[in-house]
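Q: Protein chains in written order, with full-length UniProt numbering: chain A, 1 to 311; chain B, 1 to 518. In this text, a Cβ means the ideal position worked out from N, Cα and C, and glycines have one as well. Being a predicted model, the structure only gives us computed values, none of them experimental.
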Amino acid sequence: MKAMLLKRAFQLITVVWGVGTLTFILMRSLPGDMAYRIAASRYGQDNVDSHAAALVREELKLDQGALTAYWHWLTDLLQFKLGDSLVSGLPVTDALEHMLGHSLLLAVAGLMLSVLIAVPLGLLSAWRGNPLDSVLMGLSSVIRAMPVFVLGVLFILLFALHWNWFPVAGFGTSAHLVLPAITLALSLAAVSNRVVRDSAKRTFQAAFYQFSRVKGLSAWQTFRQHGMRNIAVPVVAFFGIQLVSMIEGIVMIESLFSWPGIGHGLAHAIFARDIPVIQGAALVMGVLFVLLNTLVDIICLWIDPRGAKTL
Amino acid sequence: MRVMPFFKRIFFCVSILSGLLVITACSGPTSSNTVSISAAFEFTSLDPAKNGFVFSRMQVLETLLDVDEKGLLIPALAKDWHISEDAKTWTFDLRDGVYFHDGVLMNTDAVVNSLLIAQSKHGALRNAPIESIQAAGDHSVVISLSRPYTLLGAVLANYANGILSPAAYDKDKEVLALSGTGPYKVFQFAPPHKLVVEKFDEYWGKKASIPYASYLTGHRAESRVLQARSGQVDIVFGLDPASLPSLQRVDALNLYSNPIPRTIVLKLNSGHRFLDDVRARKALSLAIDRQGIAKGVLRIPGSQTEQLLPASMSNWYLDNVTSETEVEAGTPESLLASLGWKKNSQGMLERNGELFELTLITYADRPELTTVATAIQAQWEAIGITTKVEVTNSSAIPMGHQDGSLDVALIARNYGFIADPLGVMLSDFGSNGGGDWGAMNWNNSALSADLLALEQTSDPVKYKEISQRSAQIIYDERPMIPVSSYIQQTSVNTRIKGFRFDPFERSFYLNEMEFVKP
Numbered sequence: 001m002k003a004m005l006l007k008r009a010f011q012l013i014t015v016v017w018g019v020g021t022l023t024f025i026l027m028r029s030l031p032g033d034m035a036y037r038i039a040a041s042r043y044g045q046d047n048v049d050s051h052a053a054a055l056v057r058e059e060l061k062l063d064q065g066a067l068t069a070y071w072h073w074l075t076d077l078l079q080f081k082l083g084d085s086l087v088s089g090l091p092v093t094d095a096l097e098h099m100l101g102h103s104l105l106l107a108v109a110g111l112m113l114s115v116l117i118a119v120p121l122g123l124l125s126a127w128r129g130n131p132l133d134s135v136l137m138g139l140s141s142v143i144r145a146m147p148v149f150v151l152g153v154l155f156i157l158l159f160a161l162h163w164n165w166f167p168v169a170g171f172g173t174s175a176h177l178v179l180p181a182i183t184l185a186l187s188l189a190a191v192s193n194r195v196v197r198d199s200a201k202r203t204f205q206a207a208f209y210q211f212s213r214v215k216g217l218s219a220w221q222t223f224r225q226h227g228m229r230n231i232a233v234p235v236v237a238f239f240g241i242q243l244v245s246m247i248e249g250i251v252m253i254e255s256l257f258s259w260p261g262i263g264h265g266l267a268h269a270i271f272a273r274d275i276p277v278i279q280g281a282a283l284v285m286g287v288l289f290v291l292l293n294t295l296v297d298i299i300c301l302w303i304d305p306r307g308a309k310t311l
Numbered sequence: 001m002r003v004m005p006f007f008k009r010i011f012f013c014v015s016i017l018s019g020l021l022v023i024t025a026c027s028g029p030t031s032s033n034t035v036s037i038s039a040a041f042e043f044t045s046l047d048p049a050k051n052g053f054v055f056s057r058m059q060v061l062e063t064l065l066d067v068d069e070k071g072l073l074i075p076a077l078a079k080d081w082h083i084s085e086d087a088k089t090w091t092f093d094l095r096d097g098v099y100f101h102d103g104v105l106m107n108t109d110a111v112v113n114s115l116l117i118a119q120s121k122h123g124a125l126r127n128a129p130i131e132s133i134q135a136a137g138d139h140s141v142v143i144s145l146s147r148p149y150t151l152l153g154a155v156l157a158n159y160a161n162g163i164l165s166p167a168a169y170d171k172d173k174e175v176l177a178l179s180g181t182g183p184y185k186v187f188q189f190a191p192p193h194k195l196v197v198e199k200f201d202e203y204w205g206k207k208a209s210i211p212y213a214s215y216l217t218g219h220r221a222e223s224r225v226l227q228a229r230s231g232q233v234d235i236v237f238g239l240d241p242a243s244l245p246s247l248q249r250v251d252a253l254n255l256y257s258n259p260i261p262r263t264i265v266l267k268l269n270s271g272h273r274f275l276d277d278v279r280a281r282k283a284l285s286l287a288i289d290r291q292g293i294a295k296g297v298l299r300i301p302g303s304q305t306e307q308l309l310p311a312s313m314s315n316w317y318l319d320n321v322t323s324e325t326e327v328e329a330g331t332p333e334s335l336l337a338s339l340g341w342k343k344n345s346q347g348m349l350e351r352n353g354e355l356f357e358l359t360l361i362t363y364a365d366r367p368e369l370t371t372v373a374t375a376i377q378a379q380w381e382a383i384g385i386t387t388k389v390e391v392t393n394s395s396a397i398p399m400g401h402q403d404g405s406l407d408v409a410l411i412a413r414n415y416g417f418i419a420d421p422l423g424v425m426l427s428d429f430g431s432n433g434g435g436d437w438g439a440m441n442w443n444n445s446a447l448s449a450d451l452l453a454l455e456q457t458s459d460p461v462k463y464k465e466i467s468q469r470s471a472q473i474i475y476d477e478r479p480m481i482p483v484s485s486y487i488q489q490t491s492v493n494t495r496i497k498g499f500r501f502d503p504f505e506r507s508f509y510l511n512e513m514e515f516v517k518p
């Protein structure tokens with residue numbers, strides 16, 4: 001365990017440096033003049049012109065060489081400073097806190113709901129087999145194939161317009177969280193219920209599982225003592241991956257529900273060439289990735305201690 | 001003995017908690033005490049130079065002068081103003097008893113401070129021929145100019161020149177807190193999506209009756225329409241015209257269609273070897289089916305236009321120009337044939353072995369531009385011109401203008417950005433062959449001279465005569481090709497009364513609104 005944690009701490013440092021450097025190189029190599037991009041985001045399309053770009057270039061010293069800019073970023077990072085947004089002038093940490101906080105809230109709520117949907121359905125599907133299995137397979141494919149914003153619009157039509165239970169979009173109250181979280185949960189559960197089902201089916205068919213029934217344990221006892229842990233390992237690992245990809249990949253849901261998440265914020269920062277925000281966001285997400293992976297590893301280790309030697 | 005105190009304690013805690021909840025519920029914004037607004041645009045900063053539009057619309061920020069619905073200057077923080085005989089000195093008499101949101105009384109020093117800071121940042125004030133901005137006594141501010149400049153009043157009415165409390169700025173002139181003078185003050189600032197304002201009881205003018213107002217950025221037009229339909233949002237701006245029929249059936253909504261001085265225009269590089277002759281530019285203009293675009297693409301029949309400025313800006317609108325006027329020039333084919341273009345075996349235009357190919361750039365900030373661009377691409381293809389459409393960022397237009405790489409750009413130009421359209425006309429056609437968002441590599445000394453003369457003309461009759469002449473030159477020479485004008489579609493919930501639309505989009509007039517009593 002200690003070795004694993006040390007290894008992860010080293011990974012964390014390399015990820016922070018690697019992600020920051022890569023983002024820097026990629027942003028610098030994008031076509032287009034940074035000063036114009038930043039000016040457009042700062043002053044809006046009605047007010048961006050070459051004077052604004054010149055002012056931005058002068059203020060932010062964009063003419064300085066890439067190496068100097070990189071050195072500044074690196075020395076700031078060593079002092080745990082992420083800098084200020086080039087567009088708003090506000091500290092990057094404030095923006096990240098606001099965006100990441102909302103993204104994490106939505107991601108965790110979505111994941112919890114998806115677990116509540118996927119685990120029972122997956123187990124039921126593996127246990128009862130056809131025709132339920134095929135029906136759930138079909139349903140999962142349909143939901144998965146549907147763009148997530150279509151699902152969101154359907155929920156809005158039903159829950160916000162028809163029944164008027166929840167607000168259409170926005171944030172700030174728990175009611176605002178419900179529809180985006182359900183939308184996210186359903187699109188996640190469409191895949192994860194299949195993972196649960198496959199893992200459960202594999203376990204149910206395993207020789208050790210059949211043997212426990214033969215030796216006289218009840219179905220529930222068998223499931224509790226021999227099923228749960230075996231099914232859980234791949235499922236937990238999969239949920240971990242889903243959580244990570246979700247934090248950065250829910251742009252559509254964020255813009256449909258006007259949710260101020262990091263996916264949306266990052267996309268806008270890239271349009272605006274707001275390098276400190278991009279670097280900060282990429283960095284925090286890199287760190288989150290390592291931390292979540294570590295957490296998943298620890299949980300998997302706890303579920304199945306046999307894996308300790310390989311970690 | 002032990003049970004009673006325990007229950008008492010619980011009862012006490014519950015009472016305190018419910019009391020707190022009631023107080024919180026009464027003191028914070030709720031749907032019953034807040035007028036909620038949804039529109040497409042984000043904001044990121046408190047600085048008026050950057051995102052002043054949102055604070056001006058939400059009535060946090062005010063300027064020395066205001067603009068009425070016709071674009072005429074009216075008093076605001078300055079109750080009166082005088083222009084000297086040589087038109088180089090403007091004196092503004094400040095209104096008495098105006099408080100900033102931080103409780104400080106507005107005085108001449110605060111106004112001078114705000115204007116000097118605005119002048120040092122990006123904006124129209126920076127380009128004005130100002131020699132000095134000074135306090136004169138306790139009640140007046142004097143702006144001295146190096147030459148007569150009739151636009152000054154309209155420039156001062158721009159949101160970037162809003163007046164803030166001296167304590168609002170830090171030592172680097174950055175805005176720390178938006179302490180303006182409007183009928184509402186900032187309650188919650190959560191960029192880029194949400195702004196909540198609270199009514200300001202010490203306001204000098206008509207005090208607001210609705211305690212709170214919230215602005216939420218709704219990126220997707222679909223979401224905004226649904227917000228309007230569900231009643232979650234009281235006022236929704238920028239509705240998709242396609243959604244109007246379904247919204248008309250909702251009893252709880254009143255719909256408003258208001259023209260605004262924004263036009264979809266093609267910016268042409270008149271120095272391009274295919275476009276340097278006016279006949280080529282006319283052919284491109286003639287080949288556009290404006291009516292079809294207005295009806296089929298934008299779904300606002302009647303919004304097609306041949307002129308840059310709307311009829312409401314009568315000084316710049318030519319009454320003699322109709323859709324037939326343009327046809328008199330000939331057909332696109334005949335005009336292009338007169339320039340030596342012939343169709344090849346594939347039906348595409350060719351001259352000296354070279355195909356008529358153009359790159360049209362536009363930007364994604366306004367989704368309608370992309371669809372209009374592809375419609376124009378198809379319509380030009382029909383006369384043999386190959387057009388490559390590139391969707392990029394709005395900054396690509398001024399950048400392409402400066403480095404000369406731009407062929408054609410489709411833009412949505414706001415001619416009311418400065419309340420007097422002369423401001424935008426000067427930057428688009430004033431000098432040096434055009435402007436970042438205007439004509440490109442196109443010089444017309446008569447127009448430049450006329451526009452410069454307008455800067456110094458205060459006689460309305462003479463002003464109209466010169467501006468009409470300028471509009472005629474632009475129409476005849478086509479350095480820019482207008483396609484369609486904008487109609488702002490807005491829905492207002494019936495629980496709100498007193499809604500009024502500002503064509504210059506400076507104010508939501510929140511302080512005039514009231515909740516309809518049930």
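At a cut of 8 Å, does the region 285-302 of chain A reach the region 2-11 of chain A through at least three beta carbon pairs?
A: yes
Q: Determine the direct distance from the alpha carbon of A:L243 to that of A:V108, and round the result to whole angstroms.
A: About 7 Å.
Q: Got a sec? Which residues, its chain only, sit under 7 Å from A:G280 by beta carbon, not counting five neighbours each side?
A: L82, V92 and L96
Q: By the 10 Å Cβ neighbour count, where 16 or more other Cβ atoms means buried, how is B:I481 classified, buried or exposed?
A: buried
Q: So B:Y256 is in the beta strand (DSSP E); what residue range does that whole segment cover?
A: L253 to L268
Q: Would the region 466-478 of chain B and the region 503-517 of chain B be scored as touching if the rule is three or more Cβ pairs under 8 Å?
A: Segment contact: the region 466-478 of chain B against the region 503-517 of chain B, fewer than three CB-CB distances shorter than 8 Å; contact not assigned.
Q: Quick one: list the residues of chain B neighbouring A:Y36, beta-carbon separation under 7 Å, in chain order.
A: Going along chain B in sequence order, the residues near A:Y36 (Cβ under 7 Å) are S395, P398 and M399.
Q: Please confirm whether B:D47 has its beta-carbon closer than 9 Å to some beta-carbon of chain A.
A: yes
Q: Compare the C-alpha of B:M64 against each of B:M58, B:A78, B:S56 and B:R57 and name the closest.
A: Correcting the residue identity first, residue 64 of chain B is Leu in this sequence and not Met. Distances from the CA of B:L64 to each of B:M58, B:A78, B:S56 and B:R57 were compared; the closest alpha carbon is that of B:A78.
Q: Closer than 8 Å, Cβ to any Cβ of chain E: which residues of the region 166-188 of chain B, in chain order?
A: Of the chains in the structure shown, none is chain E; the protein chains are A and B.
Q: Closer than 8 Å by C-beta to B:S146: which residues in its own chain qualify, once you throw out the five before and the five after it? Chain order, please.
A: K88, P129, I130 and E131
Q: Spell out the partners DSSP gives B:L75 in its beta bridges.
A: One point to set straight first is that residue 75 of chain B is Pro, not Leu, in the sequence displayed. B:L65, per the DSSP bridge assignment.
Q: Taking C-beta pairs closer than 7 Å, name the residues in chain B that A:L55 reaches, listed in chain order.
A: Residues of chain B passing the Cβ test: H122.
Q: Identify every run of the beta strand (DSSP E) within the region 171-237 of chain B, keeping only runs that are complete inside it and at least 3 residues long; order them along the chain.
A: Complete beta strand (DSSP E) runs here, min 3: 184-190, 194-199, 212-217 and 235-237.
Q: Give the straight-line distance between the Cα atoms of B:C13 and B:G28, rounded to the nearest whole angstrom.
A: Only weak support exists for where B:C13 lies, its pLDDT of 45 falling under 50; the value from the coordinates is given anyway. Between B:C13 and B:G28, the C-alpha separation is close to 22 Å.
Q: Just curious, the beta strand (DSSP E) that B:M480 is in, first and last residue?
A: M480 to N493
Q: Where do the ends of the alpha helix (DSSP H) carrying A:K7 lie?
A: K2 to S29
Q: Give a yes or no on whether the C-beta atoms belonging to B:V492 and B:L308 are separated by under 9 Å.
A: no
Q: Does DSSP put B:T371 in a helix, in a strand, or in coil?
A: helix
Q: Please name the residues in the region 197-228 of chain B whose beta-carbon is closer than 7 Å to at least one beta-carbon of chain A, in chain order.
A: L216, T217, G218, H219, R220, E222, S223, L226 and Q227
Q: So B:Y363 contacts chain A; which residues on that side make the cut at Cβ distance below 9 Å?
A: A40 and Q45
Q: Tell whether a beta-carbon distance below 9 Å holds between B:A283 and B:P332.
A: Against a cut-off of 9 Å, the Cβ pair of B:P332 and B:A283 comes out as a contact.
Q: Out of A:D304, A:V284 and A:R28, which one is the CA nearest neighbour of A:V236?
A: A:D304
Q: What are the partner residues of B:I130, as DSSP defines its beta bridges?
A: B:L145
Q: Measure from the C-beta of B:D251 to each C-beta in chain A and report whether the shortest distance is under 9 Å.
A: no
Q: Determine, for A:L158, whether the minimum Cβ-Cβ distance to residues of chain B falls below 9 Å.
A: Answer no: the Cβ-Cβ gap between A:L158 and chain B never drops below 9 Å.
Q: Report the rounded CA-to-CA distance for A:R306 versus A:A232, giving the unit in angstroms.
A: 14 Å
Q: Give, in chain order, every residue of the region 432-462 of chain B whose Cβ lies closer than 8 Å to some Cβ of chain A.
A: G435, D436 and W437
Q: Sort out for me which residues DSSP pairs A:N230 with in a bridge.
A: Bridge partners of A:N230: none, in fact.
Q: By how many angstroms is the C-alpha of B:N444 removed from the C-alpha of A:S85?
A: 42 Å
Q: Which stretch, first to last residue, makes up the beta strand (DSSP E) that contains B:N414?
A: Here the beta strand (DSSP E) through B:N414 covers V408 to N414.
Q: Name the residue from B:F53, B:P211, B:T362 and B:S270 whose alpha carbon lies nearest to the alpha carbon of B:G404.
A: Of the candidates B:F53, B:P211, B:T362 and B:S270, B:S270 places its Cα closest to the Cα of B:G404.
Q: What three-state label does DSSP hand B:E354 in the structure shown?
A: strand
Q: Could you tell me which of B:K173, B:F43 and B:A287 sits nearest to B:S120, measuring between CA atoms?
A: B:K173
Q: Cβ-heavy atom distance between A:V115 and the ligand NAP below 8 Å?
A: The ligand NAP is not among the ligands present in this structure, which contains no ligands whatsoever.
Q: Answer with yes or no whether the minimum CB distance from A:V168 to chain B is below 9 Å.
A: yes
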